[in-house]
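Mapping the sequence shown onto UniProt numbering, position 552 (from 1) lands on 552, and the numbers just tick up by one. Glycine residues also receive a C-beta, built at the ideal position from the N, C-alpha and C atoms. None of the values given here were measured: they were computed from a predicted structure.
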Amino acid sequence: MLQDAAIVTARYVLENKNAFLGAIILSLALFKLVIYPFYLSPLKDIPGPYWHRVSHLPALEGQRRHVWIKKVHDLHAQYGKVVLLSPTAVSFNEDPKYVHDIYVKNMPKAQFYANFTNHGPRPNMFASLDNKAHLRFRRMIQNLYSKSAIFNPKNSTRNSVVEKVGQLVSQVSRSSVSGKEPDYINARSASNHNGKGYALGSLDWFNKKGKSSNLGIDVHSLFGAFAMDNISAFELGPENGTKMLLNPEDRYYLIPFRLIVDMTFWTTLMPRFWDIAAGPVIRKASRLIEKWQLDLYARAEENVPQRAPGQNLSTLETLKKHGLQGKNAYSSLTDNIFAGHETTAIQLTYTCYELSRPANKHRQEQLQKELREHFGSPNGDSEVIDDLEAVDRLPYMEALMQETSRLHAAIPGAEPRVTDKNYEVVVGEKKVSLPVGTEVSMQPYSMHRVTSVFPDPELYLPERWLQEPGESEDDYAARMTNMQRYMMGFGKGVRMCLGMNLARIEMKMALANLYWRYSSDICRDWCTVNEESEKATALNGAKAGLPVGLHSAVSPADSDEKMMSMFDAYTTRPLHDECWLEWSAY
1 MLQDAAIVTA
11 RYVLENKNAF
21 LGAIILSLAL
31 FKLVIYPFYL
41 SPLKDIPGPY
51 WHRVSHLPAL
61 EGQRRHVWIK
71 KVHDLHAQYG
81 KVVLLSPTAV
91 SFNEDPKYVH
101 DIYVKNMPKA
111 QFYANFTNHG
121 PRPNMFASLD
131 NKAHLRFRRM
141 IQNLYSKSAI
151 FNPKNSTRNS
161 VVEKVGQLVS
171 QVSRSSVSGK
181 EPDYINARSA
191 SNHNGKGYAL
201 GSLDWFNKKG
211 KSSNLGIDVH
221 SLFGAFAMDN
231 ISAFELGPEN
241 GTKMLLNPED
251 RYYLIPFRLI
261 VDMTFWTTLM
271 PRFWDIAAGP
281 VIRKASRLIE
291 KWQLDLYARA
301 EENVPQRAPG
311 QNLSTLETLK
321 KHGLQGKNAY
331 SSLTDNIFAG
341 HETTAIQLTY
351 TCYELSRPAN
361 KHRQEQLQKE
371 LREHFGSPNG
381 DSEVIDDLEA
391 VDRLPYMEAL
401 MQETSRLHAA
411 IPGAEPRVTD
421 KNYEVVVGEK
431 KVSLPVGTEV
441 SMQPYSMHRV
451 TSVFPDPELY
461 LPERWLQEPG
471 ESEDDYAARM
481 TNMQRYMMGF
491 GKGVRMCLGM
501 NLARIEMKMA
511 LANLYWRYSS
521 DICRDWCTVN
531 EESEKATALN
541 GAKAGLPVGL
551 HSAVSPADSD
561 EKMMSMFDAY
571 TTRPLHDECW
581 LEWSAY
């Protein structure tokens, strides 16, 4: 009987195979597109767009096209604190509880990070997915990066930072204030294909009025050199670091770094297609940078500095002391140098840009007043502020640093982690249990723009970090504590940025010495600055520049806020890879 039924069924299928195949395909499609996402998926109650429920493609395409950060931000505005990004990924915003659960409690890193290996590839702390592996790396070198070690006069970092700051001020003096060494290299923009000089194909735009002093200078490139000199000296020893401030032609190497950063999507999410997507120019840049790095490390291996008793070793020598040799040590150095120069340069660039906008001129003057009150006037051309502790305590300086980190976070993109046990979240009145293996993330860009915590979130208002008139000490302290719960500029938890203390004092010392001597303005040859439309008014009546947007593609632009749009990527940058400011004696 059963055999007869099977024969009849088989005959029917053969005679109607197209209909049968169609029925199977329709059933599978119905299951995939309707039944599973809306009735069976453990994430069925997480709000979000339909296509995010059934496919990973919207998330992948959004990141590939560099529109994803803005998209996720808009999704949270539409759906709330918890949003579905893909069939297996959820984004959170607005509630610091999720910051604590995901980052402070240290959920494991997602596969996104695994491809940040170098030279082989070989592992490093940032690319370690396993928490124990990360901790092993961190314990080797974390004491070198402590604030006490960086400020300790026995160690070389303090004097090295002061030396580099002096070179930075001297470069600004020669290239901009006195105009003796104009920044022709960056004005031509031969290597920066997003720059104004490359677009025009000549130097026609630079110094149209024929000024002999107070010329424009590309501070994005300049701060990249400053940060590279600092971090390489820290990692390899002052004797072995780069000399980009002293040798402007060496800043050429910063461009290949930027080209590689633009490949983050392919590096992290589509590594098998990296070579195809990169093309010959970026593949050449990758080879050039690796050779440059290995040559730098080889010189450091041959020139091991003598250390006084009680003085810290360089990062390279510390890694070797713990048994990491050759490229196994270099992978960590490359990661630290890559991140350490890039993010610091971005933060410094946006701080000086904001201070140079007409609507923020009073903020520049407030910083200059604070500096003169604490350090008097400069005594001669070569004098620098070298008191790290005093600079670190300046309240208005700190407010500027916090506001730049909030509004122009160097890493605005999501930091994905993976649940290692079921994680319960509340959506409306429902409790949803996210299963093991769910990707969970928060993006600093959105957390830094929670309106209930940061009113007028798109405006640059450093005063929000200062004590308000009539505000008690306790209320001020409570407000600062609450704001910091939302800040993710350097990450959170045990995996937060290891180099934070070095980066912060680098930036503060640079800003202190520049604005102690000079004033800055946006270069009008580079862009149009409309004095009136530049101004926006906050709810409390404070003035600020118009919001600087988040964009993905370079297009013809003339206003400063368009030229300085933030690139929509995991690590941001000015959209045109440059920022031209003019400096004058204060």
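Give me the Cα-Cα distance between residue i and residue j, rounded to the nearest whole angstrom.
i: Asn131; j: Asn106; result: 8 Å
i: Asp335; j: Ala409; result: 19 Å
i: Phe273; j: Trp266; result: 7 Å
i: Asn422; j: Thr438; result: 9 Å
i: Ile411; j: Lys211; result: 37 Å
i: Leu407; j: Ser356; result: 16 Å
i: Leu30; j: Pro37; result: 10 Å
i: Ala127; j: Asp568; result: 22 Å
i: Gln293; j: Arg138; result: 22 Å
i: Asp218; j: Trp526; result: 10 Å
i: Trp583; j: Ala510; result: 14 Å
i: Pro469; j: Met480; result: 15 Å
i: Ser382; j: Pro358; result: 29 Å
i: Ile35; j: Leu28; result: 10 Å
i: residue 587; j: Ile385; result: Examination of residue 587 is not possible in this model, given that the chain is present from 1 through 586 alone.
i: Gly62; j: Lys71; result: 8 Å
i: Val436; j: Ile276; result: 34 Å
i: Ala298; j: Ser170; result: 30 Å
i: Tyr79; j: Asn207; result: 49 Å
i: Leu215; j: Ala503; result: 28 Å
i: Ile25; j: His551; result: 40 Å
i: Ser441; j: Leu75; result: 14 Å
i: Met397; j: Trp205; result: 34 Å
i: Asp101; j: Glu531; result: 45 Å
i: Gln364; j: Arg372; result: 12 Å
i: Tyr586; j: Pro271; result: 50 Å
i: Tyr253; j: Thr344; result: 16 Å
i: His73; j: Glu370; result: 36 Å
Near residue i, which residues of its chain fall below 8 Å by C-beta distance, leaving aside the five closest residues on each side in sequence?
i: Ala149; result: Asn143, Asn155, Thr157 and Asn312
i: Leu486; result: Correcting the residue identity first, residue 486 is Tyr in this sequence and not Leu. Correct list, in chain order: Pro96, Val99, Met447, His448, Val450, Val453 and Phe454.
i: Val281; result: Leu259
i: Thr264; result: Ala569, Tyr570 and Thr571
i: Gly166; result: Ser382, Val384 and Asn513
For residue i, list the residues DSSP reports as bridge partners.
i: Tyr423; result: Leu434
i: Val82; result: Phe92
i: Gly216; result: Glu582
i: Val418; result: Glu439
i: Leu550; result: Met566
i: Thr451; result: Note: Thr451 sits in no beta bridge, so no partner.
i: Lys109; result: Arg417
i: Asn379; result: Paired residues: none, contrary to the question.
Name the residue from the options whose alpha carbon lies nearest to the alpha carbon of residue i.
i: Arg65; options: Asp525, Asp577 and Val554; result: Val554
i: Trp51; options: Ser86, Ser221, Val72 and Ser27; result: Ser86
i: Arg393; options: Lys508, Met483 and Arg495; result: Lys508
i: Asn124; options: Leu333, Val440 and Met566; result: Leu333
i: Asn513; options: Asn214, Lys164 and Pro108; result: Lys164
i: Gly120; options: Ile141, Ala414 and Lys327; result: Lys327
i: Arg464; options: Tyr445, Gly549 and Ala399; result: Ala399
i: Asn152; options: Cys497, Gly310, Ser520 and Met563; result: Gly310
i: Lys291; options: Gly279, Pro49, Ser314 and Phe257; result: Phe257
i: Lys209; options: Arg524, Met566, Cys579 and Ser565; result: Arg524
i: Ala414; options: Asn115, Arg495, Ser173 and Pro444; result: Pro444
i: Ser387; options: Arg11, Glu506 and Pro462; result: In the sequence as presented, Ser is not what sits at residue 387; that position holds Asp. Checking every option, the nearest Cα to that of Asp387 belongs to Glu506.
i: Pro457; options: Val425, Thr537, Met496 and Ser472; result: Thr537
i: Lys32; options: Val54, Pro49 and Arg122; result: Val54
What does a CB cutoff of less than 7 Å around residue i pick up in its chain, not counting 5 residues either side in sequence?
i: Asp45; result: Val427, Lys430 and Val432
i: Lys320; result: Ala329
i: Tyr460; result: Glu354, Asn360, Glu403, Leu407, Ala544 and Gly545
i: Ile522; result: Ser356, Arg357, Val529, Asp560 and Leu581
i: Gly241; result: Asp229, Ser232 and Ala233
i: Pro248; result: Ile185
i: Met140; result: Thr318, Leu319 and His322
i: Gln366; result: Tyr396
For residue i, which residues of its own chain have a beta-carbon under 6 Å away from its beta-carbon, when the five flanking residues on both sides are left out?
i: Phe112; result: Thr268 and Pro416
i: Gly340; result: Ile231 and Gly499
i: Gly493; result: Tyr103, Val104 and Asn106
i: residue 659; result: Coverage of the chain is limited to positions 1 through 586, which leaves residue 659 absent and any answer about it impossible.
i: Asp250; result: Met244
i: Glu578; result: Gly195, Asp218 and His220
i: Ser175; result: Glu181, Asp183 and Ile217
Determine, using beta-carbon pairs with one atom in the stretch 225-238 and one in the stretch 342-350, whether at least three such pairs fall under 8 Å. yes
I'd like to know if the stretch 171-179 and the stretch 560-576 are in contact, where contact means that at least 3 CB-CB pairs between them fall below 8 Å. no
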